[in-house]
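Here the structure comes first, spelled out in structure tokens, and everything after it is commentary.
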Amino acid sequence: MEPKNQISTKAVQVWRVSGFLFSLIEWGIAAGAVVLSALFDIPKWIPVVLFILAAAGTVIAVFVLPSLRIKHWRYEVREKEIEIQKGLFVIRRTLVPMVRVQHVDTRQGPILAKYGLSSVEISTAATTHEIPALDYMEAEQLRKYISLMAVVEDDDV
Amino acid sequence: MFKSRRLHPVASITHTLKVLRGIVLPYLIVFVFGENRPDGIASQLLFGLGALCLSFIIGIIRWRSFSYSVQDGEFLIEHSFLIRKKRYIRLNNIHSLDITQGIIQRLFNLVSLKIETAGGNKSKEPEVMLEAITRQEAEEIASLLSKTEQETTGSSDEESREDPVHTLRFRELFIFAGSSGRVGIVFSGAAAVLLQFQEVVPYKQIFRGLESFAAAGLVNIILLLAAALILAYAAATIHIVCKFAHSTVRKKNEDLILTSGLFEKRQLTIPLKKIQAVKISENLLRQPFGYVTVYLYYAGGAAAGKGNARVMLLPLIKAHQAPALLRAFLPGYSVEELRNGLPSRSLHRYALRQLCFSVPLSAGLIYLFSPWGLASLVFIIISTFWAYRGYRDAAWQIKDDCLSLRFRAVSRHTYIIRRSKIQALRIDSSFFQQKRELNSITATVISGTGPARAKVMDLDENDAWTIKKWFAP
């Protein structure tokens, strides 16, 4: 009984791009270490190790994690609740009742925009839940549907 | 209801000022006091002018890219500065509207409007800030809001029965103060104060005197330390006695009124419907004597002050007295024995979690320091015991619309949460848990500054399923 819907398969590419961009930081650090070791008396193995780490980090962030991440990513928006399932090794399944939803945001950064995707952020009074990488139209529809369904029925908060 | 609107153009000025405020310090550091600062007044002025123009342009872009509207009972703000962002807030979720008038707004006869929703203060920014709008516009929004409010809130009933009251007893006040473990705070506080006066107080001379004193023997040093410790302990105890003396809870209609303090009286009124969860905590010192502390989590909102999100309802009470009192103060909360524990197959997971730290630590110490390292075996004994207690203490119970979750960190905590206050329920299962059909369950509630989470590890999968079904049928 998993939640029904999968996020866009393009999410893998988005995560690859963002993973790559993120790993540039590691390369930057490694490059910095080379410069420093040329200027100061620093053991040569330090930049070497940093380069190996950066390479490993890039491989993991670009080739390993994205496909693992999408494997368990499921969501389902039902009449009364939203269910989100995600995780790599620990699978986390979160239930958010519709009536607890405070507001819904759609977000589109430059990478998501390039792939015509958009992410939906669902906020309750205490928590925020993100459904990343949905087709732009799908995200808008979902957004509308949730705000329509999530009419608070009591004055709890 | 109205179509998309921009703020008043004056908003671009307030935006500009905001940007300027952000860059003024870095600017001063780099261009005025920096080592590579440009030479001569003229070029410095030029840079300053450039920064000013840049912030003004940013201010205008921010103003141009921001719009808001109210449609279908929803407040919508859109801004598309670098990232396109839309935020929707349903009108009946809006907690407070705050209309203020700063100097700039006053010059143009405008106001700024702050909109806040409950728990919306993850960052310090309000949910929505409309920097410059006309007074009519602000009133229009306020009237839209009060219309929805009238639809949702029912009539308030004015019945007044005999108010339940509970006051912390004198004896318990001292036990509470004595067992609060705040000696450390007094010690570090005292150290900080003493260091402040380093310039004034002739410590060197005092210590020289002490040296000869110490030379007289080890006994003296120990005596001195003991005296300091007792002094700090007494100071901490007195401080807490003053703070919690006359701690009283009174239920009046639909409010709980908490008062306490010997010299400085504090009073706090919590409407019952703002209460998000009840937590019963037993720390290591008090548990053997059967004493517990009862906390309340409540949604204070930004207006009520952020620090007040968790408050002690009953600082100290005998565990067996707590249920009856809580029933009197908190109707609708069921305080019962938690009957559902964990399956025996989760014991080894509790053990593993503790032992994976203590065994390597112990092994390392034994290897490094030959005979004395053996003493570190005590870590393994403690962690085994701790793991067993963690396993024994974990429990859950569902009664009507209340979920109780109990778990041990160092102290033992029992959360009692009504279904309508659980913001999200999470069920985790790691690879190893799946094999043994175990799940962890986390319930999240509002607690003002951030979410509060009650988590029970390694429940039977069927139990987790039961809780899930109860939560979302």
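Read top to bottom, the protein sequences are chains L and S. So the mapping is simple: this note's numbering equals the position in the first sequence, first residue as 1, plus 100. So the mapping is simple: this note's numbering equals the position in the second sequence, first residue as 1, plus 3. Ideal Cβ placement from N, Cα and C applies to all residues, glycine included.
Identified DSSP bridge partners for residue i
i                : result
Met132 (chain S) : S:Lys117
Met315 (chain S) : S:Tyr298
Thr17 (chain S)  : Thr17 (chain S) pairs with nothing; no bridge assigned.
Gln202 (chain L) : The partner list for Gln202 (chain L) (beta bridge, DSSP) is empty, contrary to what the question assumes.
Ser431 (chain S) : The sequence given here places Asp at residue 431 (chain S); Ser does not occur at that position. DSSP lists L:Arg192 and S:Ser443 as partners of Asp431 (chain S).
Lys402 (chain S) : S:Cys405
Leu217 (chain L) : L:Asp235
Asp466 (chain S) : Looking at the DSSP assignment, Asp466 (chain S) forms no beta bridge with any residue, so it has no partner.
Arg421 (chain S) : S:Cys405
Glu77 (chain S)  : S:Gln74 and S:Arg93
Gly453 (chain S) : S:Ser450
Asp101 (chain S) : S:Lys117
Leu261 (chain S) : S:Val252 and S:Leu271
Thr170 (chain S) : S:Thr251
Thr224 (chain L) : L:Val201
Ala280 (chain S) : S:Tyr300
Buried versus exposed, by CB contacts within 10 Å (16 or more), residue i
i                : result
Ala250 (chain L) : buried
Ser432 (chain S) : buried
Lys144 (chain L) : exposed
Ile241 (chain S) : exposed
Tyr3 (chain S)   : Nothing can be reported for residue 3 (chain S): it is not among the residues displayed for chain S, which extend from 4 to 476.
Phe247 (chain S) : buried
Arg269 (chain S) : exposed
Asn96 (chain S)  : buried
Ser58 (chain S)  : buried
Lys472 (chain S) : exposed
Thr120 (chain S) : buried
Asp466 (chain S) : buried
Ile60 (chain S)  : exposed
Lys104 (chain L) : exposed
Trp375 (chain S) : exposed
Ile152 (chain L) : exposed
Gly132 (chain L) : exposed
Close beta carbons around residue i, own chain, < 8 angstroms, minus the five adjacent residues each side
i                : result
Thr206 (chain L) : Ser218, Ser219, Val220, Glu221, Ala239, Glu240 and Arg243
Arg409 (chain S) : Leu341, Asp396, Ala397, Ala398, Trp399, Arg415, His416, Thr417, Tyr418 and Val459
Proximal residues to residue i (C-beta, below 6 angstroms), its chain only, five neighbours per side dropped
i                : result
Ile184 (chain L) : Tyr175, Thr194 and His229
Pro454 (chain S) : Thr447
His169 (chain S) : Val252 and Leu328
Ala307 (chain S) : The predicted position of Ala307 (chain S) is uncertain, since its pLDDT is 44 and thus under 50; a value taken from the coordinates is nonetheless stated next. Contacts found: none.
Leu79 (chain S)  : Ser72 and Tyr91
Lys89 (chain S)  : Glu81
Ser126 (chain S) : Because Ser126 (chain S) carries a pLDDT of 48, less than 50, the predicted location of this residue cannot be relied on, and the following value inherits that uncertainty. Cβ neighbours of Ser126 (chain S) beyond the five flanking positions: none.
Ala322 (chain S) : Gly293 and Val295
His261 (chain S) : A small correction: the amino acid at residue 261 (chain S) is Leu; His does not occupy that position in the sequence shown. Only Val252 and Leu271 meet the Cβ criterion.
Met132 (chain S) : Lys117
Phe474 (chain S) : Leu428
Glu77 (chain S)  : Tyr91 and Arg93
Glu440 (chain S) : Glu464
Ser250 (chain S) : Leu171, Ser263 and Pro318
Nearest-angstrom beta carbon gap, residue j and residue i [assumed within contact, 8 angstroms]
i                : j                : result
Pro259 (chain L) : Ile107 (chain L) : Any property of residue 259 (chain L) remains undetermined from this structure, which presents chain L solely from 101 to 257.
Arg411 (chain S) : Arg392 (chain S) : 6 angstroms
Gly449 (chain S) : Val459 (chain S) : In the sequence as presented, Gly is not what sits at residue 449 (chain S); that position holds Ile. Contact flag wrong, Cβ pair sits at about 20 angstroms.
Asp461 (chain S) : Gln436 (chain S) : 7 angstroms
Ser423 (chain S) : Asp403 (chain S) : Not quite, the Cβ-Cβ distance comes to about 12 angstroms (not below 8 angstroms), so this is no contact.
Leu113 (chain S) : Ile102 (chain S) : Not a contact, Cβ separation roughly 11 angstroms.
Leu364 (chain S) : Ser347 (chain S) : Not quite, the Cβ-Cβ distance comes to about 27 angstroms (not below 8 angstroms), so this is no contact.
Val244 (chain S) : Phe177 (chain S) : 7 angstroms
Arg87 (chain S)  : Gln208 (chain L) : 5 angstroms
Nonlocal neighbours in the same chain, by C-beta distance under 7 angstroms from residue i, ignoring five residues either side
i                : result
Val196 (chain L) : Glu181, Ile182, Ile222, Thr224 and His229
Trp127 (chain L) : Ala154
Ile107 (chain S) : Val13, Ile16 and Thr17
Arg169 (chain L) : Trp115 and Leu188
Asn343 (chain S) : Ala398, Trp399, Gln400 and Asp466
Trp468 (chain S) : none
Glu285 (chain S) : Val295, Ser414 and Arg415
Ala145 (chain S) : Leu100
Just checking, does the region 160 to 179 of chain L make contact with the region 416 to 426 of chain S on the three C-beta pairs under 8 angstroms criterion? The region 160 to 179 of chain L, when compared against the region 416 to 426 of chain S, does not touch it at the 8 angstroms Cβ threshold.
Just checking, does the region 40 to 49 of chain S make contact with the region 64 to 78 of chain S on the three C-beta pairs under 8 angstroms criterion? no
Using 8 angstroms as the Cβ pair cut-off and three pairs as the minimum, do the region 311 to 324 of chain S and the region 343 to 361 of chain S touch? Not touching, per the Cβ criterion.
If you pair each beta-carbon of the region 426 to 441 of chain S with each one of the region 330 to 337 of chain S, do three or more pairs fall below 8 angstroms? no
Counting Cβ pairs closer than 8 angstroms, one from the region 106 to 122 of chain L and one from the region 160 to 172 of chain L, do we hit at least three? Between the region 106 to 122 of chain L and the region 160 to 172 of chain L, the count of C-beta pairs closer than 8 angstroms reaches three or more; the two stretches touch.
Please confirm if the region 54 to 61 of chain S is in contact with the region 19 to 38 of chain S, defined as three or more CB-CB distances below 8 angstroms between the two stretches. yes
Cβ pair count under 8 angstroms reaching 3, the region 218 to 230 of chain S against the region 281 to 301 of chain S: Touching, no, given that fewer than three Cβ pairs across the two stretches are closer than 8 angstroms.
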